[in-house]
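Trainee:
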């Protein structure tokens with residue numbers, strides 16, 4: 005620190021020696037190159053504590069920095085991180101999944117991560133990991149499924165959708181929300197809708213939708229577009245009444261998808277039309293046609309038209 009800066013610091017009541025110590029420490033410990041970090045992470049001689057420390061550092065640096073994420077990927081990080089995912093140590097598994105989630109933020113990495121065999125590891129964790137690991141794994145599936153080709157790959161992978169359905173059924177809080185979000189993303193690929201229905205997702209979604217999770221209603225909206233999904237919905241006693249409760253009390257997005265679900269059910273079934281009219285859905289649609297949300301207005305108008313046509 006030069007003499008003028010030192011005088012200014014002292015005038016402000018700042019300890020010059022403390023500043024100098026921090027500056028010297030920064031010079032001695034600059035951020036290492038990703039290749040160095042990955043090499044140490046992959047080393048068999050690295051202790052568990054060291055690996056956890058490295059993963060914390062990699063997670064911190066990669067979360068907001070796309071350039072650093074690119075450097076990590078180019079350094080051959082994926083193989084090293086996957087070996088940590090295979091560990092029996094739960095905290096090591098969690099931090100590794102967090103890093104893979106950060107790397108998946110870049111579209112260029114999404115297909116590559118799937119090609120490296122990540123889906124199999126995710127399915128394993130969804131089935132047997134800790135609560136936090138399962139939630140992160142479901143979030144990672146959502147991120148990977150943003151790319152269309154990955155939706156097909158994930159859907160066709162043995163037990164991938166079934167593991168998400170099980171997490172949706174048995175999970176709590178964040179696990180359940182992340183499982184529903186992953187299913188929503190994956191089921192936007194039409195072939196996966198039938199797979200999800202075959203795994204028994206419909207009654208699970210209906211019960212969760214009735215408890216107030218809007219994302220469950222959104223998945224039902226996608227599944228209502230396929231015959232297998234509609235058939236299961238119509239078998240569920242009281243389903244129309246549940247959707248009507250969402251129309252009356254749900255969020256804007258929940259209402260949007262409840263309208264969509266009812267539209268497809270009513271379009272394909274006069275019995276559902278009768279139930280919907282008896283529940284006052286026509287009157288609800290008249291109100292919702294004036295809603296601020298354009299998609300709500302559009303869906304309300306379409307549903308009202310179907311109900312009137314079949315009256």
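In our numbering, the protein residues as written are 5 to 315. Ideal placement from N, C-alpha and C gives every residue a C-beta, glycine not left out.
Looking at the structure shown, is residue 283 part of a helix, part of a strand, or coil, going by DSSP?
Mentor: coil
Trainee: On the CB-based measure, 16 or more other CB atoms within 10 Å of its CB, does residue 68 come out buried or exposed?
Mentor: exposed
Trainee: On the DSSP letters alone, give me the boundaries of the alpha helix (DSSP H) that residue 303 sits inside.
Mentor: 298-313
Trainee: How would you write the range of the alpha helix (DSSP H) that residue 137 sits in, first residue to last?
Mentor: 135-148
Trainee: Between the C-alpha atoms of residue 47 and residue 172, what's the straight-line distance to the nearest angstrom?
Mentor: A direct Cα-to-Cα measurement between residue 47 and residue 172 gives close to 37 angstroms.
Trainee: Threshold first: 4 residues or longer. Then list the alpha helix (DSSP H) segments lying entirely within the segment 223-268, N to C.
Mentor: If only complete runs of 4 or more residues are kept, the segment 223-268 shows the alpha helix (DSSP H) at 231-239 and 243-253, in order along the chain.
Trainee: Would you report the Cα separation of residue 107 and residue 77, rounded to the nearest angstrom?
Mentor: 8 angstroms
Trainee: Answer with buried or exposed for residue 134, where buried requires no fewer than 16 other C-beta atoms within 10 angstroms of its C-beta.
Mentor: exposed
Trainee: May I ask you to report which of helix, strand or coil DSSP gives residue 78?
Mentor: Taken through DSSP and simplified to helix, strand or coil, residue 78 comes out as helix.
Trainee: Return the chain-ordered list of same chain residues with a C-beta closer than 8 angstroms to the C-beta of residue 117, the five sequence neighbours on each side being excluded.
Mentor: If the five residues before and after residue 117 are omitted, its C-beta is found closer than 8 angstroms to the C-beta atoms of 82, 104, 107, 108 and 148, all from its own chain and listed in chain order.
Trainee: If we ignore side chains and look at the alpha-carbon of each, how far apart do residue 167 and residue 60 end up?
Mentor: 28 angstroms
Trainee: Is there contact here, the segment 197-213 with the segment 169-183, by at least three beta-carbon pairs under 8 angstroms?
Mentor: yes
Trainee: Roughly how many angstroms lie between the CA atoms of residue 3 and residue 228, to the nearest whole one?
Mentor: Residue 3 falls outside the range modelled here, since the chain spans only 5 to 315, and no answer is possible.
Trainee: So what's residue 121 in DSSP terms, helix, strand or just coil?
Mentor: coil
Trainee: Report the rounded CA-to-CA distance for residue 4 versus residue 289, giving the unit in angstroms.
Mentor: No statement about residue 4 is possible, as the shown extent of the chain runs from 5 to 315 and does not include it.
Trainee: Take the Cβ of residue 252 as the centre, count every other Cβ of all protein chains shown within 10 Å, and call the residue buried at 16 or more, exposed below.
Mentor: Classification of residue 252: exposed, given that the 10 Å Cβ count is below 16.
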